[in-house]
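Encoded as structure tokens, the structure appears first; notes follow it.
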């Protein structure tokens, strides 16, 4: 069905509006490529470890670097031109801000409800809660152990807890109201690399660790974890007392938007899909995904498309997989070095990715028509890329015009 | 009229994952391809000491949707058509044997026919997994002596103190040739220019001595195990070494 037909059947009521939207989003996602027009201002002086796009407006992109700096980029194109550079609107680094992280920043996250505040954590064992406008920390929580990851629940109404994954073998829960840690969740026997709150049940938490285990917690429960994910679904029969989720470190986690499934990646080059209700391995085979990173890998899921897509960094590429079938849809090649993180923008169906080559790249669905399209304002169209005036190739600099 | 149009649009637009799976399930391609691949195995070279073994990941080189393959393999195992064995160098590699061939070689190779018959009816037809607990053996009246005989006949191998892997006669010989063959094939790919070679060209190479299982067999093996990536060109498949 082409676009005209789809719009017609939408107007006549033959097509559900939500389905129309997901249909269009899917179409756009399939055309994802390195953007010809959009770029993010290159401001990092070290590799990028983590990026986060706020969900409120989908406008501000937060990025944390290996040198401890945090940058904020405005990704919304208000200029009216196709050619567009995402400006750096905030910069926290050693030169400009004495509050900045001492060592590498491993995780940044916007406060889920507005853009006035964000959280960052890193190898200097600090979890910092920043005032985004003043760019000073409102509070600093010192945690016992280097921090690999933290997460704040996107939908919690009854608590203000930030889960912190650290090298101390425990998940710490920091309460934003009191500014200190309230619980420690103990069961892992090695460093924890990733934590995520469930978007469906606000007290449920998943954690992945270097001991190959993936645990699901209820933070209200006094006893240890709810269950541990088993990659063999209990069919392994070996007398091991602990079930494992991967044959390597579990270093990336993400829930689907409806909270029904959990996806994990490990250093055994596998990605697995789990049912969050039963803890069963859904046995989706995504094939081998080579990942070098011993630290966390941050991947993202597009929730507005049908089927949902997973964007997962694999060395210098980003691989796009269908969530439920495990079919690889695309390979996005563009970075010069290991890709560490990616963030999906639901509003415009584009993808941002950060890598160790210090670049943030924009992947957008740009069709051939868009390229031929005339810019709206020709006078202002000379963006930073076209600032060099066209020169005649046969012309030279030394002969005079008069001759 | 309007209703019919609606239905049409449904099919055109929403190729939902569930529907795709149904289509693939109807065809039953996995079993067909398994039979094809097992015919690649040069049984006469081993003088019938080794049954026709196929590695599970070899199927992935023919069917791109791995989830469907896994599901169908699972179903075939539960139905008793095939049997899986934990075998191979990698953590997750599995060998596949057709059940009729497996039973045939057991009957041919086993030293104690009564014991073999009992093993087939009491254990193989009931437990479909790749591993077995000692308790299950004891429960079905296998004595320590019997277990020793089974291990000696290469039907079981020791995993831990009280668990065993299932195995088949000739597994050791197969593994030896398989690992060696894969190494030399990968060596050829690695040493060619830009670490890539056309599949046709590779299949023409004379490597009967170093690759007794046949180049075709190993081509499927290395593609399925993601050791090379497949690129479609105008002159056939190009295999590129993946690092």
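Protein chains in written order, with full-length UniProt numbering: chain C, 1 to 403; chain D, 1 to 243. Note that the Cβ used here is the ideal one computed from N, Cα and C, for glycine as well. In this text, all values refer to a predicted model and were calculated from it rather than measured experimentally.
query = Can you name the residues of chain B whose CB is closer than 9 Å to the CB of residue 268 of chain C?
reply = The structure shown contains no chain B; the protein chains it does contain are C and D.
key: Proximity below 8 Å, CB of residue 192 of chain C to CB of residue 64 of chain D   = Start at 1 with the first residue of the first chain, and residue 192 of chain C comes out as number 192. Start at 1 with the first residue of the second chain, and residue 64 of chain D comes out as number 64. No, Cβ-Cβ distance for residue 192 of chain C and residue 64 of chain D is not below 8 Å.
query = Do you know how far the Cα of residue 202 of chain C is from the Cα of residue 69 of chain C?
reply = Taking the first chain and counting its residues from 1, one reaches residue 69 of chain C at position 69. Taking the first chain and counting its residues from 1, one reaches residue 202 of chain C at position 202. One C-alpha to the other measures close to 31 Å.
request  = Would you verify that the beta carbon of residue 235 of chain C is, or is not, closer than 8 Å to some beta carbon of chain D?
outcome  = Taking the first residue of the first chain as position 1, residue 235 of chain C is located at position 235. True, the Cβ-Cβ gap to chain D drops below 8 Å.
key: Closer than 8 Å to chain C by CB, residue 246 of chain D   = For chain D, the structure presents residues 1 to 243; residue 246 of chain D sits outside this window and is missing.
ask   = Does DSSP classify residue 38 of chain D as helix, strand or coil?
value = The residue labelled residue 38 of chain D in the question sits at position 38 within the second chain. DSSP places residue 38 of chain D in helix when its eight states are reduced to three.
ask   = Does residue 11 of chain C get closer than 8 Å to chain D when you measure Cβ to Cβ?
value = In the first chain, the residue the question calls residue 11 of chain C occupies position 11. Not a single CB atom of chain D sits nearer than 8 Å to the CB of residue 11 of chain C.
key: Beta carbon proximity, residue 226 of chain D to chain C, threshold 8 Å   = Working through the second chain from its first residue, we reach residue 226 of chain D at position 226. Chain C, which has a Cβ nearer than 8 Å to the Cβ of residue 226 of chain D, makes this yes.
query = If you count every other CB in all the chains shown that lies within 10 Å of the CB of residue 121 of chain C, and 16 or more means buried, which is it?
reply = Against the first chain, residue 121 of chain C aligns to sequence position 121. So residue 121 of chain C counts as buried.
request  = For the stretch 283-307 of chain C, enumerate the residues whose C-beta is nearer than 7 Å to any C-beta of chain D, in chain order.
outcome  = 283, 284, 285, 287, 288, 306, 307
key: Residues near residue 349 of chain C in its chain [Cβ-Cβ closer than 7 Å; skip 5 each side]   = As a first step, residue 349 of chain C must be located in the first chain, where it is residue number 349. Hits under 7 Å: 25, 28, 29, 365.
query = Can you name the residues that DSSP bridges to residue 201 of chain C?
reply = Within the first chain, numbered from 1, the residue matching residue 201 of chain C stands at position 201. Paired residue(s): none; residue 201 of chain C is not in a bridge.
ask   = Which ranges would you report for the beta strand (DSSP E) in the stretch 110-144 of chain D if only whole runs of at least 3 residues count?
value = The stretch 110-144 of chain D contains these whole beta strand (DSSP E) runs: 131-133.
ask   = Which whole-angstrom value is the C-beta distance of residue 422 of chain C and residue 299 of chain C, which I expect to be below 8 Å?
value = Here chain C comprises residues numbered 1 to 403, so residue 422 of chain C is not present and cannot be evaluated.
ask   = For the beta strand (DSSP E) that residue 325 of chain D lies in, which residues bound it at each end?
value = In the structure as shown, chain D starts at 1 and stops at 243, and residue 325 of chain D therefore has no counterpart that could be examined.
request  = With a cut-off of 8 Å on the beta carbons, I'd call residue 278 of chain C and residue 313 of chain C a contact; round off their distance for me.
outcome  = Here residue 278 of chain C corresponds to residue number 278 of the first chain, with the count starting at 1. Here residue 313 of chain C corresponds to residue number 313 of the first chain, with the count starting at 1. The C-beta distance from residue 278 of chain C to residue 313 of chain C rounds to 29 Å, too long to meet the 8 Å contact threshold.
task = Within the same chain, show all residues whose beta-carbon is closer than 7 Å to that of residue 60 of chain D, passing over the 5 residues directly before and after it, in chain order.
result = Indexing the second chain from 1 puts residue 60 of chain D at position 60. Closer than 7 Å at the Cβ level, and outside the excluded window around residue 60 of chain D, lie 66, 69, 224.
ask   = Quick one: is residue 247 of chain C near chain D, going by C-beta distance under 8 Å?
value = Here the question's residue 247 of chain C lines up with position 247 in the first chain. So, interface residue.
key: For residue 261 of chain C and residue 189 of chain D, the rounded distance between their alpha carbons   = Numbered from its first residue, the second chain carries residue 189 of chain D at position 189. Numbered from its first residue, the first chain carries residue 261 of chain C at position 261. So the alpha carbons of these two residues sit roughly 40 Å apart.
query = At what residues does the beta strand (DSSP E) containing residue 216 of chain D begin and finish?
reply = Against the second chain, residue 216 of chain D aligns to sequence position 216. Unbroken run through residue 216 of chain D is the alpha helix (DSSP H), 215-224; no beta strand (DSSP E).
inquiry  = Going residue by residue through the UniProt repeat "WD" (332-373) of chain C, where are the continuous beta strand (DSSP E) segments of at least 3 residues, counting only ones entirely within it?
reply    = 339-345, 350-355, 360-365
inquiry  = With the cut-off set at 8 Å, would you say residue 20 of chain C and residue 31 of chain C are in Cβ contact?
reply    = Here the question's residue 20 of chain C lines up with position 20 in the first chain. Here the question's residue 31 of chain C lines up with position 31 in the first chain. Not in contact: residue 20 of chain C and residue 31 of chain C (Cβ atoms no closer than 8 Å).
message = Within the continuous beta strand (DSSP E) that includes residue 73 of chain D, where are the two ends?
response = Here residue 73 of chain D corresponds to residue number 73 of the second chain, with the count starting at 1. In this chain, residue 73 of chain D is not harboured by any beta strand (DSSP E); it is covered by the alpha helix (DSSP H) spanning 66-78.
key: Chain-order list of residues whose beta-carbon lies under 6 Å from that of residue 43 of chain C (same chain, five-residue window excluded)   = Looking up residue 43 of chain C in the first chain gives position 43. 71, 88, listed in sequence order.
ask   = Using CA coordinates, which residue listed in C:47, C:84, C:206 is at the minimum distance from residue 254 of chain C?
value = Indexing the first chain from 1 puts residue 254 of chain C at position 254. Measuring from the Cα of residue 254 of chain C, the nearest candidate turns out to be C:206.
inquiry  = My assumption, with CB atoms under 8 Å, is that residue 264 of chain C sits in contact with residue 208 of chain C. Please give the rounded CB distance.
reply    = Sequence index remark: in the first chain, residue 264 of chain C carries index 264 (1-based). Sequence index remark: in the first chain, residue 208 of chain C carries index 208 (1-based). Contact flag correct, Cβ pair sits at about 6 Å.
ask   = Out of curiosity, what's the CA-to-CA distance linking residue 203 of chain D and residue 49 of chain D?
value = Translated into the one-based positions of the second chain, residue 203 of chain D becomes position 203. Translated into the one-based positions of the second chain, residue 49 of chain D becomes position 49. Those two C-alpha atoms are separated by around 26 Å.
task = Please go through the same chain and pick out, in chain order, the residues whose beta-carbon is closer than 8 Å to the beta-carbon of residue 201 of chain D, but skip the five residues on each side of it.
result = Position 201 of the second chain, counted from the first residue, corresponds to residue 201 of chain D. If we look at residue 201 of chain D and ignore the five residues flanking it on each side, it has no Cβ neighbours.
request  = Could you spell out the range, first to last residue, of the beta strand (DSSP E) harbouring residue 50 of chain C?
outcome  = If you number the first chain from 1, residue 50 of chain C lands on position 50. Residues 48-53.
message = With a threshold of 6 Å on Cβ separation, who are the neighbours of residue 105 of chain D within its own chain once the five nearest residues in sequence on each side are excluded?
response = As a position in the second chain, residue 105 of chain D is number 105, starting the count at 1. Beyond the five residues adjoining it in sequence on each side, residue 105 of chain D comes within less than 6 Å, by CB distance, of 51, 169 in the same chain, given in chain order.
ask   = How far does the beta strand (DSSP E) with residue 255 of chain C in it reach, from first residue to last?
value = Within the first chain, the letter at position 255 stands for residue 255 of chain C. 250-255 is the extent of the beta strand (DSSP E) around residue 255 of chain C.
task = Spatial neighbours of residue 361 of chain C within its chain, please: CB distance less than 6 Å, with the 5 preceding and 5 following residues excluded, ordered by chain position.
result = Walking along the first chain from the start, residue 361 of chain C turns up at place 361. These residues qualify, in order along the chain: 334, 353.
Residue 343 of chain C versus residue 217 of chain C - alpha carbon distance = Here the question's residue 343 of chain C lines up with position 343 in the first chain. Here the question's residue 217 of chain C lines up with position 217 in the first chain. Roughly 26 Å separates the two Cα atoms.
Residues of its chain near residue 407 of chain C, where Cβ-Cβ distance is below 6 Å and the 5 sequence neighbours each way are ignored = Here chain C has residues from 1 to 403 only, and residue 407 of chain C is not among them.
ask   = Are there 16 or more other CB atoms within 10 angstroms of the CB of residue 266 of chain C, so buried, or fewer, so exposed?
value = The sequence position of residue 266 of chain C within the first chain is 266, counting from 1. With 16 or more other Cβ atoms within 10 Å, it is buried.
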